[in-house]
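Enquirer: Note that the protein sequences, when read in sequence, are chains S and B.
Here my numbering is used: the first residue of the first sequence is 1, the next is one more, and so on.
Here my numbering is used: the first residue of the second sequence is 1, the next is one more, and so on.
Backbone N, C-alpha and C fix where the C-beta goes; we use that ideal spot for every residue, glycine too.
All of these numbers come straight from a predicted model, not from anything done at the bench.
Protein chains: 2
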Amino acid sequence: MKNQQIPYKTYLEFNEIPKQWYNLRADMKNKPAPLLNPGTHQPMKAEELAPVFCEELIKQELDNDTPYFDIPDEIYEFYQMFRPSPLVRAYFLEKKLGTPAKIYYKFEGNNTSGSHKLNSAVAQAYYAKKQGLKGVTTETGAGQWGTALSMACSFFGLDCKVYMVKVSYEQKPFRREVMRTYGASVVPSPSNETNIGRKINAEHPGTTGSLGCAISEAVEVATSTPGYRYVLGSVLNQVLLHQSIIGLETKAALDKLGEKADIIIGCAGGGSNLGGLIAPFMGEKLRGEADYRIIAVEPASCPSLTRGVYAYDFCDTGMVCPLAKMYTLGSDFIPAPNHAGGLRYHGMSSILSQLYDDGLMEAVSAKQTDVFEAAELFARVEGILPAPESSHAIKAAVDEALKCKETGEEKTIVFGLTGTGYFDMVAYEKFHDGKMDDYIPTDEELAAYREKLPKID
Amino acid sequence: MKNQQIPYKTYLEFNEIPKQWYNLRADMKNKPAPLLNPGTHQPMKAEELAPVFCEELIKQELDNDTPYFDIPDEIYEFYQMFRPSPLVRAYFLEKKLGTPAKIYYKFEGNNTSGSHKLNSAVAQAYYAKKQGLKGVTTETGAGQWGTALSMACSFFGLDCKVYMVKVSYEQKPFRREVMRTYGASVVPSPSNETNIGRKINAEHPGTTGSLGCAISEAVEVATSTPGYRYVLGSVLNQVLLHQSIIGLETKAALDKLGEKADIIIGCAGGGSNLGGLIAPFMGEKLRGEADYRIIAVEPASCPSLTRGVYAYDFCDTGMVCPLAKMYTLGSDFIPAPNHAGGLRYHGMSSILSQLYDDGLMEAVSAKQTDVFEAAELFARVEGILPAPESSHAIKAAVDEALKCKETGEEKTIVFGLTGTGYFDMVAYEKFHDGKMDDYIPTDEELAAYREKLPKID
Numbered sequence: 001m002k003n004q005q006i007p008y009k010t011y012l013e014f015n016e017i018p019k020q021w022y023n024l025r026a027d028m029k030n031k032p033a034p035l036l037n038p039g040t041h042q043p044m045k046a047e048e049l050a051p052v053f054c055e056e057l058i059k060q061e062l063d064n065d066t067p068y069f070d071i072p073d074e075i076y077e078f079y080q081m082f083r084p085s086p087l088v089r090a091y092f093l094e095k096k097l098g099t100p101a102k103i104y105y106k107f108e109g110n111n112t113s114g115s116h117k118l119n120s121a122v123a124q125a126y127y128a129k130k131q132g133l134k135g136v137t138t139e140t141g142a143g144q145w146g147t148a149l150s151m152a153c154s155f156f157g158l159d160c161k162v163y164m165v166k167v168s169y170e171q172k173p174f175r176r177e178v179m180r181t182y183g184a185s186v187v188p189s190p191s192n193e194t195n196i197g198r199k200i201n202a203e204h205p206g207t208t209g210s211l212g213c214a215i216s217e218a219v220e221v222a223t224s225t226p227g228y229r230y231v232l233g234s235v236l237n238q239v240l241l242h243q244s245i246i247g248l249e250t251k252a253a254l255d256k257l258g259e260k261a262d263i264i265i266g267c268a269g270g271g272s273n274l275g276g277l278i279a280p281f282m283g284e285k286l287r288g289e290a291d292y293r294i295i296a297v298e299p300a301s302c303p304s305l306t307r308g309v310y311a312y313d314f315c316d317t318g319m320v321c322p323l324a325k326m327y328t329l330g331s332d333f334i335p336a337p338n339h340a341g342g343l344r345y346h347g348m349s350s351i352l353s354q355l356y357d358d359g360l361m362e363a364v365s366a367k368q369t370d371v372f373e374a375a376e377l378f379a380r381v382e383g384i385l386p387a388p389e390s391s392h393a394i395k396a397a398v399d400e401a402l403k404c405k406e407t408g409e410e411k412t413i414v415f416g417l418t419g420t421g422y423f424d425m426v427a428y429e430k431f432h433d434g435k436m437d438d439y440i441p442t443d444e445e446l447a448a449y450r451e452k453l454p455k456i457d
Numbered sequence: 001m002k003n004q005q006i007p008y009k010t011y012l013e014f015n016e017i018p019k020q021w022y023n024l025r026a027d028m029k030n031k032p033a034p035l036l037n038p039g040t041h042q043p044m045k046a047e048e049l050a051p052v053f054c055e056e057l058i059k060q061e062l063d064n065d066t067p068y069f070d071i072p073d074e075i076y077e078f079y080q081m082f083r084p085s086p087l088v089r090a091y092f093l094e095k096k097l098g099t100p101a102k103i104y105y106k107f108e109g110n111n112t113s114g115s116h117k118l119n120s121a122v123a124q125a126y127y128a129k130k131q132g133l134k135g136v137t138t139e140t141g142a143g144q145w146g147t148a149l150s151m152a153c154s155f156f157g158l159d160c161k162v163y164m165v166k167v168s169y170e171q172k173p174f175r176r177e178v179m180r181t182y183g184a185s186v187v188p189s190p191s192n193e194t195n196i197g198r199k200i201n202a203e204h205p206g207t208t209g210s211l212g213c214a215i216s217e218a219v220e221v222a223t224s225t226p227g228y229r230y231v232l233g234s235v236l237n238q239v240l241l242h243q244s245i246i247g248l249e250t251k252a253a254l255d256k257l258g259e260k261a262d263i264i265i266g267c268a269g270g271g272s273n274l275g276g277l278i279a280p281f282m283g284e285k286l287r288g289e290a291d292y293r294i295i296a297v298e299p300a301s302c303p304s305l306t307r308g309v310y311a312y313d314f315c316d317t318g319m320v321c322p323l324a325k326m327y328t329l330g331s332d333f334i335p336a337p338n339h340a341g342g343l344r345y346h347g348m349s350s351i352l353s354q355l356y357d358d359g360l361m362e363a364v365s366a367k368q369t370d371v372f373e374a375a376e377l378f379a380r381v382e383g384i385l386p387a388p389e390s391s392h393a394i395k396a397a398v399d400e401a402l403k404c405k406e407t408g409e410e411k412t413i414v415f416g417l418t419g420t421g422y423f424d425m426v427a428y429e430k431f432h433d434g435k436m437d438d439y440i441p442t443d444e445e446l447a448a449y450r451e452k453l454p455k456i457d
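#1: I'd like to confirm something about S:L36: is its beta-carbon nearer than 8 angstroms to some heavy atom of the ligand MG, or not?
#2: Taking only beta-carbon atoms, is B:V219 less than 9 angstroms away from chain S?
#3: Could you check which residue in B:L93, B:P226, B:S331 and B:G275 has the C-alpha nearest to that of B:G135?
#4: May I ask you to report which of helix, strand or coil DSSP gives B:F14?
#5: Against chain S, which members of the stretch 72-84 of chain B pass a CB distance test of less than 7 angstroms?
#6: Using CA atoms only, rank isn't needed, just tell me which of B:A152, B:A101 and B:V231 is closest to B:F415.
#7: At a Cβ threshold of 9 angstroms, is S:G183 touching chain B?
#8: Can you have a look at S:I295 and say buried or exposed, based on whether 16 or more other CB atoms are within 10 angstroms of its CB?
#9: Step through the CB atoms of chain B and report whether any lies within less than 9 angstroms of the CB of S:N338.
#10: Between the stretch 117-135 of chain B and the stretch 172-182 of chain B, can you find at least three pairs of beta-carbon atoms closer than 8 angstroms?
#11: When the Cα atoms are used, what is the spatial distance from S:M1 to B:I75?
#12: Along the chain, where does the beta strand (DSSP E) containing B:M473 start, and where does it finish?
#13: At 7 angstroms on the CB atoms, spell out the chain B contacts of S:G383, in chain order.
#14: Counting only Cβ pairs nearer than 9 angstroms, list the residues of chain B close to S:E177.
#15: Kindly list, in the order they appear in chain B, the residues whose Cβ is closer than 8 angstroms to that of S:Y126.
#16: Just to confirm before moving on: does the CB-CB distance between S:Y68 and S:N23 stay below 9 angstroms?
#17: For B:P43, count the other beta carbons within 10 Å of its own beta carbon; 16 or more makes it buried, fewer makes it exposed. Which is it?
#18: B:A26: which of B:L93, B:I265 and B:Q238 sits nearest, CA to CA?
#19: Could you say which of S:L35, S:C153, S:F107 and S:T208 lies nearest to B:G383 if we only look at CA atoms?
#20: Check distances from the C-beta atoms of the stretch 367-378 of chain S to those of chain B and list, in chain order, the residues that come in under 8 angstroms.
#21: Going by other Cβ atoms of all chains shown within 10 Å of its Cβ, with 16 needed for buried, is B:Q144 buried or exposed?
#22: Using beta-carbon positions only, say whether B:L12 and B:V381 come within less than 9 angstroms of one another.
#23: Assuming contact is defined by CB atoms lying nearer than 9 angstroms, are S:E376 and S:G419 in contact in what I supplied?
#24: Give the DSSP bridge partners of B:V309, in chain order.
#25: Could you have a look at S:T412 and say whether DSSP puts it in helix, strand or coil?
#26: Could you check the C-alpha separation between B:I351 and S:T140 for me, to the nearest Å?
#27: Where does the unbroken alpha helix (DSSP H) through B:G135 begin, and where does it stop?
#28: Using a Cβ cut-off of 9 angstroms (strictly closer), state whether S:F69 contacts chain B.
#29: With H, G and I counted as helix, E and B as strand and the rest as coil, what does DSSP make of B:N201?
#30: May I ask you to report which of helix, strand or coil DSSP gives S:G266?
#31: For B:G269, I'd like the list of residues in its chain whose CB is within less than 6 angstroms of its CB, leaving aside the five on either flank, ordered along the chain.
#32: Are B:Y327 and B:D370 close, meaning C-beta to C-beta below 9 angstroms?
#33: Report yes or no: do the stretch 74-91 of chain S and the stretch 103-120 of chain S share at least 3 C-beta pairs separated by less than 8 angstroms?
#34: For B:K172 and B:G408, I'd like the C-alpha separation in whole angstroms.
#35: Just to confirm, is the Cβ distance from B:M436 to B:A340 under 9 angstroms?
#36: So if DSSP puts S:L49 in a beta bridge, which residue, or which two residues, is it bridged to?
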């Protein structure tokens, strides 16, 4: 063991951290559908997006052609705090499963935000500061994005206001305190501070909130407060661009080890981790240089890819944002209150939606209790207590590894371990106490949400 | 910045992780005083310790001469889960302070136990398993040790029963759930499950507990249950031996970078981190090969080195353990309930006590609110939310760096960042809300505790 060839953990050297982000869209034959103006149904122009987003980020959002973007020095410097992240060979998990498969995971949780979200948060905060803004608003579900943005804003000296989905706010009392340590203000959503929040509270008394609703609140405040813009931690093209650093590092580490992935697995909520993890691999696939099985794993309680439709929809409950074409459950969809953790967005990144529609990736869904079972198994052998979100990928990786056990195939499985579950102990407690259930929406429920989709020619 | 010489983070290569622990005692001219039998006041023999501790660990405990111990393969393999830990150059903190000093910290918090405690937990669990035991008992204060032991026991298939100081149990509700994820059972101490627990509860109704009391309970259960032994996460010689891996890695990384430390700083409760961090440096100092300033930082509310006496004392409240010669406040001492986090033990490792008494290291104390102020400053620039314990070292490192700013000296300061504060948000919240105070025991109070010290010739 002391003289093995492939180490448990592979860290790139400092100067091997990628210096450019990779824009997957440049290699897509079928480009993701453009954002539409909700009034005119015409593609959004940069100037229409300017009241909501930072200028530089709008350029990144709309650019389907430039393959690489330089990472600015200030962002690269911040990345040194928590990057490179390790690529871990899951020897202990392989042994436990008795599989001939080789399992690797890219662990993005070794930072105070507890997840990969910091990769995009620092970029978005940097561009906001560069534009001379005073502050930003955002929403957060499980809390990782809000924490990441708080850290980045604190570093660059920006105000940060976070609308946190009420159910998470209540399930994760300490997340708020972490954000506060970094100087952010945190409001449970729907709040009574905004027009849309008051409307939703009136129409759905006792609602536990949703990302779509929190987005509407954050956008309302950003667009009505001088010197503020709105930032978003997932779904958008710009976010996937920033998150490409996950995949680029993963690819570089595998190359160093002389390994080639067969299957790449990521959990999928809005798509920020999955889109980042698969970017360079999907790029090779699109360019015909290599082939990979790529698997998105989503919660059975919020199954946008596996049970949604590919259509233009509102990005938020309040319908104040541009329309996006995506696999969606409908912007009113809210997962059952027993759904723990993140991955609760009603839609999926336009980039990933297009790739999925083109048959370039697969999608599976996982039941919550199965996910926590995989999480506990993983924690006990690999030593890391995973976030519920990340555990969806663990569940699928375990399933694929067990298939290899049956067939005897020595496949190389790579999955994204997006974060840690230190702030998810209420959910773990429910699981331990046998109080966690698996509510899966019925076909009738999903159909009712679909009826409210906007009609776009 | 992209081409700088010294990276933000230095990881040793996989095969550079030390393969032996270093036993500092071998180089000490004045050996630490032996444990005494509480009845006879004679040095404890191995066979007297055998009902309490594992055999192999007793050998390590009593060996003052062997300089190096091989790390068994199984432990080395487990270390791959979370080692090497990074040595971080605190560029951001240096810039914030405007100091000419170079600041490095060895970050031991990147694992689910949240601290360095895992280094010894895995060793102790391994030797217990090797001896064929069924399980182990222990105490935990802030919860890191209990979590670390739970993880190690789960890995090796041992039962694990943790007596958790009641105030921590209440302040850190989610710690229990993490331990439970790893299959441990956790009992708030003093409990009503043991003779000593019932006695303490009767004599001190409403007590919030202490490490000394939790130790007594754990020892009582271990010695009265067949197939069980007691394990301890700090204070003991064996623990400092295991923790020497911190210092060995730190030294190896500094050597790689061509750096020499001037000042080495560690927080000190029972001494596990400090003793491990300084081991190879102190070894050089003892052998006359190099000189270093070595600074222990303890809480002003639990000041065993700075305000205690060097004397034989009980290790636990129930007086069931051997006597140890150490800087101590008296085994009845319990820090004020507002004291947050760990570093709440009444005494200090015999090794460190002897070194301190010999003038080979310094000690300072820090007030709680100053510690949290340093913690928040650190979190905002370095990105890591530190544990309250670790933040004592941050506070002292900042003070030394500011002295360098005044004098213009370019000293190299190395401190131990033992862990993360993700489970300490109740304490952070108090700090943010201005509800944290700084109770410092009076001379009269300390004198009263001292009067109860055992009389040893």
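Expert: Reading from the atomic positions:
#1: The ligand MG is not part of this structure, which contains no ligands at all.
#2: no
#3: B:P226
#4: helix
#5: D73, Y76, E77, Q80, M81 and F82
#6: B:A101
#7: yes
#8: buried
#9: no
#10: no
#11: Its pLDDT being 45, under 50, S:M1 is placed unreliably in this model, and the value from its coordinates should be taken loosely. Distance between the alpha carbons of S:M1 and B:I75: 11 angstroms.
#12: For chain B, the structure presents residues 1 to 457; residue 473 of chain B sits outside this window and is missing.
#13: M81, F82, N111, T112 and M151
#14: M425, V426, Y428, E429 and H432
#15: Per Cβ cutoff of 8 angstroms: no residues; S:Y126 is ~14 angstroms from chain B at best.
#16: Yes. Within cutoff.
#17: exposed
#18: B:Q238
#19: S:C153
#20: E376
#21: buried
#22: Contact flag unset, no.
#23: Not in contact: S:E376 and S:G419 (Cβ atoms no closer than 9 angstroms).
#24: B:T328
#25: strand
#26: 49 angstroms
#27: No alpha helix (DSSP H) holds B:G135; the beta strand (DSSP E) holding it covers G135 to T140.
#28: no
#29: helix
#30: strand
#31: Only G342, L343 and Y345 meet the Cβ criterion.
#32: At the C-beta level, B:Y327 and B:D370 stay beyond 9 angstroms of one another.
#33: yes
#34: 42 angstroms
#35: Closer than 9 angstroms, so yes.
#36: S:L49 is not bridged to any residue.
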